[in-house]
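These notes are about the structure you will find just below.
Residue numbers (full-length UniProt numbering): 1 to 198.
Take a look at the structure:
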């Protein structure tokens with residue numbers, strides 16, 4: 001299936017009748033509070049699955065997923081998934097690994113919001129984005145091949161955009177990060193890893 005930029009794939013509370021594989025494009029995963037404010041949970045790219053939690057536990061969708069740019073997705077129905085996985089048990093192990101990785105990231109983000117200062121949370125956000133969209137430029141540098149705004153980084157890191165902008169500007173001056181054609185480049189990822197440690 002094809003989605004235009006800004007199109008909603010599903011909303012929190014929708015029935016979970018299957019999951020989607022992102023073939024091309026990128027999707028944001030978010031939750032919206034009763035007052036209408038949005039919390040960005042993740043940005044997922046090519047090769048990622050979305051909707052796997054509802055597929056596994058049969059519950060409603062736990063978050064809203066929206067296309068950030070034109071995207072191509074493949075739908076995997078619950079019946080087709082279980083039929084294939086029953087014949088190929090390794091699929092269950094792979095799905096368990098995906099869910100465990102997402103749970104670990106959620107736990108890390110929760111701990112970061114509780115214990116890390118803003119620069120640590122921003123570092124964690126950039127490192128997580130590099131796991132999904134990162135391309136090694138040389139032996140140490142990582143280009144985050146996804147154009148993300150400071151407002152989106154602030155949303156993911158749980159800080160005000162102005163404060164996040166100050167953190168990013170300090171790191172630019174110190175050569176920790178740079179911008180290349182609108183993309184963030186992690187020039188010294190080891191500095192970010194140190195900042196993100198609890």
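The beta carbon of each residue, even a glycine, is placed where N, CA and C say it ideally should be.
- Message: For residue 26, count the other beta carbons within 10 Å of its own beta carbon; 16 or more makes it buried, fewer makes it exposed. Which is it?
- Response: The count along the chain shown starts at 1 and reaches residue 26 at position 26. When all chains shown are included, residue 26 counts as buried.
- Message: So if DSSP puts residue 38 in a beta bridge, which residue, or which two residues, is it bridged to?
- Response: Along the chain shown, one-based indexing puts residue 38 at 38. Its beta-bridge partners are 32.
- Message: Between 168, 57, 14, 86, which has its C-alpha nearest residue 31's C-alpha?
- Response: Against the chain shown, residue 31 aligns to sequence position 31. Just measuring C-alpha positions, the residue of 168, 57, 14, 86 sitting nearest residue 31 is 14.
- Item | Three-state secondary structure (DSSP) of residue 97 | As a working mapping, residue 97 is identified with position 97 in the chain shown. Look at residue 97 here: in three-state DSSP terms it is helix.
- Give me whichever residues DSSP pairs with residue 45 in a beta bridge. Taking the chain shown and counting its residues from 1, the one referred to as residue 45 is at position 45. DSSP, once it has assigned bridges, lists no residue as partnering residue 45.
- Below 7 angstroms CB to CB, which residues in the same chain sit around residue 111 once its five sequence neighbours on both sides are set aside? Working through the chain shown from its first residue, we reach residue 111 at position 111. These residues qualify, in order along the chain: 198.
- residue 20 to residue 131 span [Cα, whole Å]: Within the chain shown, the letter at position 20 stands for residue 20. Within the chain shown, the letter at position 131 stands for residue 131. Between residue 20 and residue 131, the C-alpha separation is close to 20 angstroms.
- Between the segment 70 to 82 and the segment 29 to 44, do three or more beta carbon pairs fall short of 8 angstroms? no
- Quick check: the segment 125 to 142 against the segment 190 to 197, are there 3 or more CB pairs under 8 angstroms? yes
- Query: Looking only at its own chain, which residues have a Cβ that is under 7 angstroms from the Cβ of residue 150, when we skip the five neighbours before and after it?
  - Reply: Residue mapping note: residue 150 aligns to position 150 of the chain shown, counting from 1. Around residue 150: 161, 164, 165, 168.
- In the DSSP assignment, what are the bridge partners of residue 179? Residue 179 sits at position 179 when you count from the first residue of the chain shown. Answer is 184, bridged to residue 179.
- Message: Taking the alpha-carbon of residue 184 as reference, which of 158, 159, 136, 155 has the nearest alpha-carbon?
- Response: The residue given as residue 184 occupies position 184 in the chain shown. Looking at the Cα atoms, 136 is the closest of the given residues.
- Task: Have a look at residue 187 and residue 134 and give me their C-alpha separation to the nearest angstrom.
- Result: Numbered from its first residue, the chain shown carries residue 187 at position 187. Numbered from its first residue, the chain shown carries residue 134 at position 134. Each residue's alpha carbon lies about 12 angstroms from the other.
- Task: Look at the alpha carbon of residue 114 and the alpha carbon of residue 2, and state the distance between them as a whole number of angstroms.
- Result: Reading the chain shown from its first residue, position 114 is the one you call residue 114. Reading the chain shown from its first residue, position 2 is the one you call residue 2. Those two C-alpha atoms are separated by around 38 angstroms.
- Task: Measure the C-alpha to C-alpha separation of residue 18 and residue 172 and round it to an integer number of angstroms.
- Result: Taking the chain shown and counting its residues from 1, one reaches residue 18 at position 18. Taking the chain shown and counting its residues from 1, one reaches residue 172 at position 172. Spanning the two alpha carbons is a distance of roughly 42 angstroms.
- residue 156 by DSSP, collapsed to three states: which one? Taking the chain shown and counting its residues from 1, one reaches residue 156 at position 156. Helix at residue 156.
- Helix, strand or coil at residue 6 according to DSSP, with G and I counted as helix: The residue given as residue 6 occupies position 6 in the chain shown. Three-state result, residue 6: coil.
- Task: Using a threshold of 8 angstroms, state whether the C-beta atoms of residue 121 and residue 157 are closer than that.
- Result: Working through the chain shown from its first residue, we reach residue 121 at position 121. Working through the chain shown from its first residue, we reach residue 157 at position 157. In contact: residue 121 and residue 157 (Cβ atoms closer than 8 angstroms).
- Item | Exposure label - residue 39; buried when at least 16 CB within 10 Å | Taking the first residue of the chain shown as 1, we reach residue 39 at position 39. It counts as exposed.
- Task: Could you pull out every residue in the same chain whose Cβ sits closer than 6 angstroms to the Cβ of residue 53, ignoring the five residues on either side in sequence?
- Result: Residue mapping note: residue 53 aligns to position 53 of the chain shown, counting from 1. 62, listed in sequence order.
- Query: Can the beta-carbon of residue 10 be found closer than 8 angstroms to that of residue 99?
  - Reply: Counting from 1 along the chain shown, the entry for residue 10 is found at position 10. Counting from 1 along the chain shown, the entry for residue 99 is found at position 99. No.
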